[in-house]
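Whatever position you read off the sequence shown (first residue = 1), add 50 for this note's numbering.
We put the beta carbon where it would ideally sit given N, CA and C, even for glycine.
Predicted model only: the values in this text are computed from it and were never measured.
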Amino acid sequence: MQACSVGLIGYGLAGKVFHAPLIAAAASSGLRLARISSSSADADEVRRSYPGVVLDAGPQAMLADPHIGLIVVATPNASHYALARAALEAGKHVVIDKPFVVSSEQGEALVALANGKGLLLSAFHNRRWDNDFLTLRNCIESGRLGQVHSYFAHFDRYAPQVKTRWKEEQQPGAGILWDLGSHLIDQALQLFGMPRAVTADLSVQRAGALVEDYFHLTMDYGHCKAVLRAGMQVCAPGPRYEVHGTQGSFSKYGIDGQETALKHGARPGDKGWGGDEGAHYATVTVMAAGVPVAERLPTLAGSYESYYAGMGRAINAGLPVPVAAADALNVVRVIEAAQASHRERRTVDFPL
51 MQACSVGLIG YGLAGKVFHA PLIAAAASSG LRLARISSSS ADADEVRRSY
101 PGVVLDAGPQ AMLADPHIGL IVVATPNASH YALARAALEA GKHVVIDKPF
151 VVSSEQGEAL VALANGKGLL LSAFHNRRWD NDFLTLRNCI ESGRLGQVHS
201 YFAHFDRYAP QVKTRWKEEQ QPGAGILWDL GSHLIDQALQ LFGMPRAVTA
251 DLSVQRAGAL VEDYFHLTMD YGHCKAVLRA GMQVCAPGPR YEVHGTQGSF
301 SKYGIDGQET ALKHGARPGD KGWGGDEGAH YATVTVMAAG VPVAERLPTL
351 AGSYESYYAG MGRAINAGLP VPVAAADALN VVRVIEAAQA SHRERRTVDF
401 PL
């Protein structure tokens, strides 16, 4: 199998912590990190971490390189559309870091362009492979909870000081709904599909914040409501997931540790990769002879590496991409509906 050479645009948090190491880990799936484009990357650090990879100051060289088959866009959200469009027009397959793009119109245009050129287009929604979400999804699909009627998912952090970074500035795609919200929305869509209505409240809680840093979003499915929440001033987070069904309940604290592990230099395949502490195992409670019985549910291993392994198979074996562009576009549509709900103080319906 001939490896597909990959060009990575952007070497900030997303590019350096997530994409570069995970692409490098996908060599056995037919991907090879060949070029990195960044105006601020430390050239010596790149050479040490990825020997043989070419470092460019801008994306033009990799877009013109006939050996590059896949372009990964890991830049600030507002730049995703233009860079992805340029890559598709250059005949490259494209991966865009979540949340894909900053409007549904942009997403629709990219999907049409990729389809017209017969190219692959995908979004990096890596938290489908969080260990806690994999465990929850497996539990729901097993039927142990019965029909789910109440779903609560939180993504809380304690970061009271506003940082100087694009995510905290007034620009398209900034703010917590686009950042952390895109993960929670994508997970809910994977479990339940598109909602029939969305109601949202967004707010600015921290002194000096310029964009929303808290949201409370309800996705209404008729038989079930999915309530998603994230904030940046939560000292003691509650359950990451709390899910109730007709036959049982699921509750889990803690958060997947793969991001932290990557930041500290760990890589897929290292001892303990994707694992969880026993203290954070989920609790599943079901009724037995009229009495609630609780048991601890060991956490399935997380696997962020599965994303690029899937992209390798899609490029080299013609299999579906691990995250369909249509799925990513639906996340953007829900975000737009949430923004409209907050702005207009109403529930926004989706066509059935």
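1. Just the C-alpha distance for residue 167 and residue 68, rounded to the nearest angstrom, thanks.
2. Please classify residue 340: does DSSP put it in a helix, a strand, or coil?
3. Across which residues does DSSP place residue 82 in a beta bridge pair?
4. Flag this pair as touching only if the region 371-390 and the region 172-179 have three or more C-beta atom pairs under 8 angstroms; answer yes or no.
5. Locate the alpha helix (DSSP H) running through residue 236, then write down its first and last residues.
6. Just how far apart, CA to CA, sit residue 281 and residue 121?
7. Please classify residue 185: is it buried, with 16 or more other beta-carbons within 10 angstroms of its beta-carbon, or exposed?
8. What does DSSP give as the partner residue(s) for residue 143 in the beta ladder?
9. For residue 220, count the other beta carbons within 10 Å of its own beta carbon; 16 or more makes it buried, fewer makes it exposed. Which is it?
10. According to DSSP, residue 291 sits in a beta bridge with which residue or residues?
11. Suppose you measure from the CA of residue 150 to the CA of residue 89; what does that come to, to the nearest Å?
12. Which residues mark the beginning and the end of the beta strand (DSSP E) in which residue 213 is found?
13. By DSSP, does residue 151 sit in helix, in strand, or in coil?
14. How do the region 151-163 and the region 89-102 stand: do at least 3 beta-carbon pairs fall below 8 angstroms, yes or no?
15. What residue does the alpha helix (DSSP H) around residue 183 start on, and which one ends it?
16. How about residue 77 and residue 147: do their beta carbons lie closer than 9 angstroms?
17. What is the rounded straight-line gap between the Cα of residue 119 and the Cα of residue 103?
18. Quick test of the definition: if touching needs 3 or more C-beta pairs under 8 angstroms, does the region 306-323 touch the region 267-279?
19. Could you tell me if residue 341 is buried or exposed, where buried requires 16 or more neighbouring beta carbons within 10 angstroms of its beta carbon?
20. To the nearest angstrom, report how far apart residue 222 and residue 345 are at their CA atoms.
21. Less than 9 angstroms between the C-beta atoms of residue 355 and residue 318, yes or no?
22. Around the Cβ of residue 201, are there at least 16 other Cβ atoms within 10 angstroms (buried) or fewer (exposed)?
23. Starting from residue 393, follow the alpha helix (DSSP H) in both directions and report where the run begins and ends.
24. Buried or exposed: where does residue 1 fall if 16 or more other Cβ atoms within 10 Å of its Cβ makes it buried?
25. Looking at the secondary structure, which residues open and close the alpha helix (DSSP H) in which residue 361 lies?
26. Determine the direct distance from the alpha carbon of residue 268 to that of residue 164, and round the result to whole angstroms.
27. With a 10 Å radius around its C-beta and 16 neighbouring C-beta atoms as the bar for buried, classify residue 285 as buried or exposed.
28. Taking the straight line between their C-alpha atoms, what separation do you get for residue 170 and residue 357?
29. Hey, residue 398 and residue 248 are a contact pair by Cβ (cut 8 angstroms); roughly how many whole angstroms apart?
30. Please report the straight-line C-alpha distance between residue 395 and residue 218, rounded to a whole angstrom.
31. Going by other Cβ atoms of all chains shown within 10 Å of its Cβ, with 16 needed for buried, is residue 389 buried or exposed?
32. How about residue 227 and residue 257: do their beta carbons lie closer than 9 angstroms?
33. Could you tell me the boundaries of the alpha helix (DSSP H) in which residue 268 lies?
On the basis of the supplied data:
1. 28 angstroms
2. coil
3. 55
4. yes
5. It spans 226-242 - the alpha helix (DSSP H) in which residue 236 sits, taken as one unbroken run.
6. 32 angstroms
7. buried
8. 120
9. exposed
10. 203 and 302
11. 22 angstroms
12. Looking at the DSSP string, residue 213 is not in any beta strand (DSSP E), and its letter there is neither H nor E.
13. coil
14. no
15. 181-192
16. no
17. 15 angstroms
18. no
19. exposed
20. 45 angstroms
21. yes
22. Classification of residue 201: buried, given that the 10 Å Cβ count is 16 or more.
23. Taken as a continuous stretch (DSSP letters only), the alpha helix (DSSP H) holding residue 393 covers 375-394.
24. Look at the range of the chain in this structure, 51 to 402, and you will see that residue 1 is not part of it.
25. 355-367
26. 32 angstroms
27. exposed
28. 14 angstroms
29. Contact between residue 398 and residue 248 holds, since their C-beta atoms are separated by about 5 angstroms, short of 8 angstroms.
30. 24 angstroms
31. Classification for residue 389: buried.
32. For the 9 angstroms CB-CB criterion, residue 227 and residue 257 do not form a contact.
33. Element bounds for residue 268: not the alpha helix (DSSP H) but the beta strand (DSSP E), 264-270.
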